[in-house]
Structures are given as C-alpha cells and as structure tokens.
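Peer 1:
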Amino acid sequence: MNGAKCFECGFVGWADAETCKKCGAPTADSAGVRYEPQPVSGYDQPGEWTPMYGDVKKGLAVTSLVLGVLGFFTIGLLGVGAVVGIVLAIVAINKANRNPEEYGGKGLATAGLITNILSLVIIVPVGIIAAIAIPNLLASRRAANEGATIQALRTIHSAQATYQSIHESYATLDELGADKLIAADLANGKRSGYKYQINLSSDDVSKPAGFEVVVVPESYPMSGRRSFYLDESGVIRGADAQGAAATKYDAPINFNSYSSGPSSSRTYPPGSR
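According to the numbering used here, the sequence shown is numbered sequentially starting from 265.
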C-alpha cells in the first residue's frame, strides 16, 4: 500500500489525496510538484499503526511463561526458576512498553509473571507440609525397621534352639540359612535396614556352647536408631549407641522404651568399661 506524508504535520495519508486529512494542507509542494508516494509497511489504513508481529522479539516473554508453567509441577523449580521467570517477565514487559516496534509478547510476559508468582507462593505451604510430613515418615520407617528387627531376632533365637537340638551346637547365619531355618536375606546378614552378625563362644570350638547376635543400623539414624543384642538366654537388649553395637549390659527392650534423643540410658557393672 502506498502513502504520502504531509510536509506540514507529518501525517501519513493516502497517496492520491489532494489535501492532508489531519491539517488540510495540500499534499503538493509550493511548486505544485507532488511528493512521490512511498510504500508504508505496518499500516492497515491511513493514520493507524499496526505492529508487525512477525518481526518483534518475544523470547523473554515466552521463556518466562514456560518457567511459570513448569513451576506448577516442579514447585517453582525449587524457587530458583520462579525468581528467574519473574525477572524475565518484568524485563519483557518493560521492553515491550518502551519499544513496541522491536519487542512484543507483553501478554505472554504478563501471564508468565502471574504463573511464576503463583508457583513461588506454592512453595510456602508445600515447604510447611514437607517439614511436618518428612520427619514423621522417617520416624515411621525407623519404627517399622526396628519392629522387623526385633521379630527377626526372635526368629534367630528359635532357629538356634532348633539347630542346637539337632547338631548339639549353635550355628552361624550361613549355617542357619543352609538348614532353611531362616530366610535367605537374613542369612546374608542384612534385612530391613539392619546388619546382623552372630558370634559363637565356647571352650570347645567343635561344639559352640553359646552365641550372641549383634545387630546395628545400616545407616544411622536413617534406617534406625537402636542397636540390638541377643544371646542364648533369649533376652533381646537394645540401646541407641549412635550406630555402634549393643552389648549384654544394655537394658532389655521390654524395659528400655524407645528414645528419640541422642542415646538411651545404659548401665554397666563396675569395672566392665
């Protein structure tokens, strides 16, 4: 489309117009020579500017919106993505306001700003819920592991009694597993976040007259806090030994309530330490 610019007010009108539509000045110069019509892009009709959307830059606005959408599914990309998205949206809006011929996507940037703010706000309640739920879940997992370990110790004691009645001696974990008296994973020495070890004791090594089972957490305190001890008496003892082994001097678990503190109380006979 061709248009002519008024030499008086600068208004661009139709090229074949005799006078300026805005100020009424003739579109020809004082010599009667008309200005040559010039192609004017970006105008749908005289005096109205239509931005050329195919040429404007929208990268910042699009990036901000993408970060905002992803933030709903990733908790604001751990907060960092939401902050970056907000900054990009503000920069994109400012550039679109100052230089609309070069920068566009103001609507996208506004949507990106809103979504990033919302994803950032979501972090607060999610963080509060996580702060309450995660410790409870870990405590439940530790309690379940310790309960399973106590049951496994009872199984080992029963298996030792059966093995002793057959072989007239006590056995290691491998020997109990070979006789199918305990499960394979327990015979391997690991189950429910705990590690198991059987030590045999006797004056006559050919016929062990006693045994002790020492059980410690695989990953203290994540998989468990208490360590456990069992011998041929059948009394299961336990204490929070900071991941170290429990001993025969620790209190029986029936009288040693679970403690979430750094350690449970332990009593030792005089001269035993």
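Glycine included, every Cβ here is placed at the ideal spot set by N, Cα and C.
(1) Given Y493, which residues of its chain have a CB within under 8 Å of its CB, disregarding the five upstream and five downstream residues?
(2) Could you round the C-beta distance between L334 and A353 to whole angstroms and report it? I think they count as a contact, below 8 Å.
(3) Which class does E410 belong to by DSSP, given the choice of helix, strand or coil?
(4) Do you know whose CA, among V390, V347 and T436, lies nearest L331's CA?
(5) Using the Cβ count rule (16 or more neighbours within 10 Å means buried), how would you classify C273?
(6) How would you call C287, buried or exposed, if buried means at least 16 neighbouring beta carbons within 10 angstroms?
(7) Can you give the Cα-Cα distance for W313 and I393, rounded to whole angstroms?
(8) Could you give the C-beta distance for N481 and G453, rounded to a whole number, given that I count them as a contact under 8 Å?
(9) Rounded C-beta distance between I446 and A423? I'm assuming under 8 Å.
(10) Candidates L329, T338 and I462: which alpha carbon is nearest I350's?
(11) Here's the rule: buried if 16 or more other CB atoms are within 10 angstroms of the residue's CB, otherwise exposed. What is L384?
(12) Taking only the alpha-carbon atoms, compute the straight-line gap between P389 and A395 and give it to the nearest angstrom.
(13) Taking 8 Å as the threshold (C-beta atoms), are S465 and G457 in contact?
(14) Going by C-alpha to C-alpha distance, which of I517, F336, L324 and F337 sits closest to A360?
(15) Nearest by alpha-carbon distance to R455: which of E410, E432, G498 and S429 is it?
(16) Between the C-alpha atoms of D438 and L417, what's the straight-line distance to the nearest angstrom?
Peer 2: Well, looking at it:
(1) E476, V477, V478, V479, I500, R501, G502, A509, A510, T511, K512 and D514
(2) The pair is not a contact, with the Cβ atoms about 14 Å apart (cut-off 8 Å).
(3) helix
(4) V347
(5) exposed
(6) exposed
(7) At W313 the pLDDT is 44, less than 50, meaning the model places this residue with poor confidence; the figure from the coordinates comes in the next sentence. Each residue's alpha carbon lies about 52 Å from the other.
(8) First, the amino acid is wrong: residue 481 is Pro here, not Asn. That pair is no contact at about 13 Å.
(9) 5 Å
(10) L329
(11) buried
(12) 10 Å
(13) no
(14) L324
(15) E410
(16) 15 Å
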